[in-house]
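Trainee: Residue numbers (our numbering): 53 to 942.
#1: To the nearest angstrom, how far is it from the Cα of residue 650 to the Cα of residue 760?
#2: Looking only at C-alpha atoms, which of 152, 200, 192 and 210 sits nearest to residue 180?
#3: For residue 882, name the three-state secondary structure that DSSP assigns.
#4: At what residues does the alpha helix (DSSP H) containing residue 463 begin and finish?
#5: Report, in whole angstroms, the separation of the C-beta atoms of residue 94 and residue 84, which I expect to be a contact under 8 Å.
#6: Across the region 871-882 and the region 913-920, are there enough close Cβ pairs to call them in contact, namely three or more that are closer than 8 Å?
#7: Tell me where the alpha helix (DSSP H) around residue 402 begins and ends.
#8: Looking at C-beta atoms only, is the number of pairs between the region 138-146 and the region 245-252 that lie closer than 8 Å three or more?
#9: Run through DSSP, which three-state label would residue 690 get?
#10: Could you give the distance in angstroms between the alpha-carbon of residue 617 and the alpha-carbon of residue 666?
#11: First and last residue of the beta strand (DSSP E) that includes residue 596?
#12: Around the Cβ of residue 70, are there at least 16 other Cβ atoms within 10 angstroms (buried) or fewer (exposed)?
#13: Roughly how many whole angstroms lie between the Cα atoms of residue 193 and residue 279?
#14: What are the start and end residues of each continuous beta strand (DSSP E) run of 3 or more residues lying completely inside the region 821-867, in chain order?
#15: To the nearest angstrom, how far is the alpha carbon of residue 762 from that of residue 118?
#16: Considering residue 147, what are the terminal residues of the beta strand (DSSP E) in which it resides?
#17: Do you know offhand how far residue 236's Cα is from residue 178's?
#18: Could you name the residues that DSSP lists as bridge partners for residue 750?
#19: Can you tell me whether residue 911 is buried or exposed, with buried defined as 16 or more other CB within 10 angstroms of its CB?
#20: For the region 776-783 against the region 392-411, are there 3 or more C-beta pairs whose distance is under 8 Å?
#21: Where does residue 191 sit, in a helix, a strand or coil, going by DSSP?
#22: Start and end of the alpha helix (DSSP H) containing residue 162?
#23: Using only the alpha-carbon positions, how far apart do residue 836 and residue 810 sit?
#24: What residues in its chain sit with their C-beta under 8 Å from that of residue 501, if we drop five residues either side in the sequence?
#25: Can you look up residue 221 in the DSSP assignment and give me helix, strand or coil?
#26: CB-CB under 6 Å to residue 363, same chain, minus the five flanking residues each way: which ones, in chain order?
#27: On the DSSP letters alone, give me the boundaries of the alpha helix (DSSP H) that residue 102 sits inside.
#28: Measuring CB atoms only, is the region 260-274 touching the region 216-227, in the sense that at least three cross pairs come out at less than 8 Å?
#29: Would you say residue 792 and residue 803 are within 8 Å of each other, going by their C-beta atoms?
#30: Under the rule that 16 or more other beta-carbon atoms within 10 Å means buried, what is residue 496, buried or exposed?
#31: From which residue to which residue does the beta strand (DSSP E) around residue 573 run?
#32: Taking C-beta to C-beta, are residue 198 and residue 149 nearer than 8 Å?
#33: Is it the case that the Cβ atoms of residue 613 and residue 526 are separated by a distance below 8 Å?
#34: Roughly how many whole angstroms lie between the Cα atoms of residue 909 and residue 423?
#35: How would you call residue 355, buried or exposed, if buried means at least 16 neighbouring beta carbons within 10 angstroms?
#36: In the structure shown, what three-state DSSP assignment does residue 205 receive?
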């Protein structure tokens with residue numbers, strides 16, 4: 053019985069509906085970017101996003117869950133395209149139990165879904181389960197065997213027992229357990245033909261379509277297994293693999309939705325499956341990688357040189373290069389996006405919503421890579437030729453490093469291209485050079501010195517500092533709990549020595565979250581400590597750095613602490629403006645914008661954010677207008693400390709990658725206009741920001757842009773300076789400020805006309821000089837030979853004169869020279885008739901420059917070079933006649 057020909061999208065929906073009928077909560081796919089899991093770059097399995105549910109760290113929304121999870125795996129990226137099995141993007145169907153049902157239900161439901169005519173309807177006679185055989189540390193899974201044999205009715209000889217490698221899931225210490233797989237027999241035509249071919253063979257006949265993990269043990273890390281109190285079910289089934297079975301096709305690349313993407317690639321590249329093995333590889337690489345890239349970008353990954361951004365960059369660049377191998381030298385991957393989205397938007401509508409953004413990111417990366425690869429390919433080919441000429445089979449690590457370090461050529465691309473030539477790369481040599489570069493960079497950083505106080509250790513007697521600066525700018529009852537001089541704790545401070553004062557409570561904001569520290573004074577009687585910096589250590593102590601200008605401060609003293617209020621207000625203006633800027637950037641550019649760092653100073657801010665290209669003048673204008681509009685609206689600013697889940701429900705934006713506690717401080721501007729997690733100090737109304745002014749926007753890293761802007765008094769200062777410059781420019785041009793543009797355009801037009809007249813005069817003068825030179829020439833054979841030294845001429849003038857001589861006199865051989873700052877410049881030209889007689893400018897330039905201790909080169913009709921021995925100039929020019937005569941055989 054042949055399986056029903058279900059499409060991939062049908063199978064996905066069928067699976068999720070089936071488990072909904074079994075009381076499971078359907079959850080949407082989690083993002084490919086792991087949340088609060090530093091162990092993964094990208095989600096690579098159905099259970100990965102739900103680790104907290106399995107470990108019991110977090111209560112699941114339901115104890116029965118079903119999902120279709122987007123996954124990326126790049127461990128076998130070199131095999132992508134070369135085999136029909138490997139792919140980087142896939143979807144994992146899963147049903148999960150968190151302490152609810154266990155083996156009996158999981159096995160029965162798996163069998164029902166796969167074999168029931170109401171669902172997939174596979175032939176039961178072609179399905180073979182496997183169970184864990186057991187070993188010296190872990191018992192065999194007799195329970196699963198019994199369920200398959202006695203309850204499902206599978207004959208014992210059709211139930212396969214495999215070892216730990218195949219049928220036991222664990223990852224170091226922690227929850228683990230045996231698993232049971234279900235294999236489907238695709239028939240003899242997919243087999244290897246070897247005697248004894250059966251389940252477990254490496255051929256394509258018996259394909260695993262289901263894997264259910266029975267999470268029942270805890271591994272202490274030393275292979276000691278104990279039963280878990282909460283037993284879980286983790287089922288994984290590759291959607292593309294099930295589609296292969298149902299559609300009876302060779303591989304995931306032949307599945308309906310994937311093949312439609314390949315068809316689009318073929319339409320663009322004019323390459324089709326089956327033409328050559330090389331073309332098949334390229335088509336598979338492009339198809340697989342553009343699927344992965346589209347989903348990764350949709351979930352917020354941007355191309356970069358590290359982490360998941362590098363994975364994306366590598367996929368896009370590898371796909372782009374295979375496009376070049378198929379003869380496509382223009383950006384084209386972005387054109388395939390629409391097909392990827394069309395095939396998947398039914399289940400992932402966010403793809404269509406973010407299509408413009410996805411397309412822009414891919415096209416920008418393609419264009420950037422085109423510049424990189426075009427510049428590096430010639431260098432690579434030269435290096436490759438050098439190795440081949442020497443009969444070498446190993447491409448040196450030094451060359452690979454030079455391609456990477458100097459020309460931006462990715463090492464993985466170098467490895468792949470070298471392998472295509474039947475060679476290997478000395479990767480160890482490359483790694484050594486990379487490590488040496490890191491050491492040099494580390495030493496350079498160390499040379500800057502340690503500007504902190506990391507060496508100071510405070511005992512448990514020193515309490516955590518209480519920050520009261522949100523509500524107070526000064527306090528009179530702070531207690532000195534620690535003093536530090538030269539990294540050593542002290543009993544008292546003396547005037548003139550830089551030191552640290554730690555208080556039990558303080559109004560001073562310590563530098564955090566991009567906001568600079570408060571300045572101010574700590575006083576007691578006639579003693580005054582000028583605070584110039586405040587840092588918070590890991591123990592929660594606020595370290596006030598500064599100098600005592602008079603008097604004495606002792607450990608245990610009660611002091612007054614007052615911040616510079618004017619400075620604090622200027623900082624708050626800038627900080628509140630960053631929140632408004634973040635809101636404006638998300639509105640104008642898109643939700644992909646994420647804060648990537650900031651610096652908030654007195655009426656000045658720096659804001660880094662993720663974005664794939666430079667902002668246009670129009671976009672910058674829109675952002676600036678939106679921020680200033682929010683300022684003019686005068687939104688009230690409220691701050692609350694809320695449980696983190698409540699803050700998220702309120703829509704508060706968190707800084708990606710930051711760790712937050714159970715409660716967070718939320719800053720709300722305009723009752724929902726801008727809501728963000730933030731521990732900094734802020735205004736109570738946006739109107740107090742004053743004028744917001746963007747000074748610059750530029751790139752600081754791949755996929756990261758930076759805006760520098762001013763607020764309040766600093767913006768007014770810049771505006772006044774600009775206005776003054778406007779008045780000064782108007783005075784110079786003798787115009788009113790309102791007439792400045794017209795006057796400037798008029799002046800530019802006049803200058804352009806004057807330059808045109810000067811160029812005409814120079815050309816006329818050069819033509820006259822050319823005639824004089826020709827009259828001064830002499831005949832050698834049938835050729836007109838002339839040499840001359842031009843006073844006050846540069847290389848451009850020599851080239852111009854030479855071109856005129858060559859074009860005017862076909863039989864001319866001219867050597868022109870000029871001396872500037874002790875260096876000689878030569879220009880040699882040969883007319884058509886001279887070249888035809890074997891006289892080449894390149895040969896002459898090499899000879900005359902060598903006499904003057906220099907060198908040169910060029911084409912047969914024109915060459916340029918230089919020399920340094922001015923005393924030999926006459927000898928060099930005198931040699932020209934002999935060189936011409938020798939070539940003519942005179």
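Here a beta-carbon is modelled for each residue, glycine too, at the ideal position from N, C-alpha and C.
Mentor: Quick answer:
#1: What you label residue 650 is simply residue 598 of the chain shown in a count that begins at 1. What you label residue 760 is simply residue 708 of the chain shown in a count that begins at 1. Approximately 10 Å between the Cα atoms of the pair.
#2: For the purposes of this step, residue 180 is taken as the residue at position 128 of the chain shown. Ranking 152, 200, 192 and 210 by Cα distance to residue 180 puts 210 first.
#3: Along the chain shown, one-based indexing puts residue 882 at 830. Strand, per DSSP.
#4: If you number the chain shown from 1, residue 463 lands on position 411. From DSSP, the alpha helix (DSSP H) with residue 463 extends over 463-472.
#5: As a first step, residue 94 must be located in the chain shown, where it is residue number 42. As a first step, residue 84 must be located in the chain shown, where it is residue number 32. Indeed, because the Cβ distance is near 5 Å, the residues count as touching under 8 Å.
#6: yes
#7: What you label residue 402 is simply residue 350 of the chain shown in a count that begins at 1. Run containing residue 402: 402-405, per the alpha helix (DSSP H) assignment.
#8: no
#9: Translated into positions along the chain shown, residue 690 becomes position 638. If DSSP states are grouped into helix, strand and coil, residue 690 belongs with the strands.
#10: The residue labelled residue 617 in the question sits at position 565 within the chain shown. The residue labelled residue 666 in the question sits at position 614 within the chain shown. When rounded, the distance between both Cα atoms is 37 Å.
#11: Residue 596 sits at position 544 when you count from the first residue of the chain shown. Taken as a continuous stretch (DSSP letters only), the beta strand (DSSP E) holding residue 596 covers 594-602.
#12: Start at 1 with the first residue of the chain shown, and residue 70 comes out as number 18. Residue 70 comes out buried.
#13: Sequence index remark: in the chain shown, residue 193 carries index 141 (1-based). Sequence index remark: in the chain shown, residue 279 carries index 227 (1-based). Their backbone Cα atoms lie some 13 Å apart in a straight line.
#14: 830-832 and 835-841
#15: On the chain shown, residue 762 is found 710 positions in, with the first residue counted as 1. On the chain shown, residue 118 is found 66 positions in, with the first residue counted as 1. So the two alpha carbons sit approximately 50 Å from each other.
#16: By 1-based counting over the chain shown, the position of residue 147 is 95. 141-150 is the extent of the beta strand (DSSP E) around residue 147.
#17: Here residue 236 is taken as the residue at index 184 of the chain shown, counted from 1. Here residue 178 is taken as the residue at index 126 of the chain shown, counted from 1. Those two C-alpha atoms are separated by around 6 Å.
#18: Start at 1 with the first residue of the chain shown, and residue 750 comes out as number 698. Paired residue(s): 758.
#19: Position 859 of the chain shown holds residue 911. Flag for residue 911 reads exposed.
#20: no
#21: For the purposes of this step, residue 191 is taken as the residue at position 139 of the chain shown. Three-state result, residue 191: coil.
#22: As a first step, residue 162 must be located in the chain shown, where it is residue number 110. Its alpha helix (DSSP H) spans residues 155-167.
#23: As a working mapping, residue 836 is identified with position 784 in the chain shown. As a working mapping, residue 810 is identified with position 758 in the chain shown. Using only the alpha carbons, I get a separation of about 31 Å.
#24: One-based indexing of the chain shown puts residue 501 at position 449. Note that residue 501 scores a pLDDT of 34, beneath 50, so its modelled location is shaky; the value from the coordinates is reported in the next line. Contacts found: none.
#25: Residue 221 sits at position 169 when you count from the first residue of the chain shown. Strand at residue 221.
#26: To locate residue 363, count along the chain shown from 1; it is residue 311. Closer than 6 Å at Cβ, skipping near neighbours: 126.
#27: In the chain shown, counting from the first residue as 1, residue 102 sits at position 50. Counting along the chain, residue 102 falls outside any alpha helix (DSSP H), and DSSP gives it neither H nor E.
#28: yes
#29: Taking the first residue of the chain shown as 1, we reach residue 792 at position 740. Taking the first residue of the chain shown as 1, we reach residue 803 at position 751. Contact flag unset, no.
#30: For this step, residue 496 is matched to residue 444 along the chain shown. Unreliable placement is indicated for residue 496, whose pLDDT of 46 sits below 50; the coordinate value is still reported in the next sentence. Classification for residue 496: exposed.
#31: The sequence position of residue 573 within the chain shown is 521, counting from 1. That run of the beta strand (DSSP E) goes 572-576.
#32: For the purposes of this step, residue 198 is taken as residue 146 along the chain shown, with counting starting at 1. For the purposes of this step, residue 149 is taken as residue 97 along the chain shown, with counting starting at 1. It is not a contact, given that the beta carbons lie outside the stated cut-off.
#33: On the chain shown, residue 613 is found 561 positions in, with the first residue counted as 1. On the chain shown, residue 526 is found 474 positions in, with the first residue counted as 1. Against a cut-off of 8 Å, the Cβ pair of residue 526 and residue 613 comes out as a contact.
#34: Numbered from 1 along the chain shown, position 857 holds the residue referred to as residue 909. Numbered from 1 along the chain shown, position 371 holds the residue referred to as residue 423. Those two C-alpha atoms are separated by around 28 Å.
#35: Taking the first residue of the chain shown as position 1, residue 355 is located at position 303. Buried, by the Cβ-count rule.
#36: Translated into positions along the chain shown, residue 205 becomes position 153. Note: residue 205 maps to coil in three-state DSSP.
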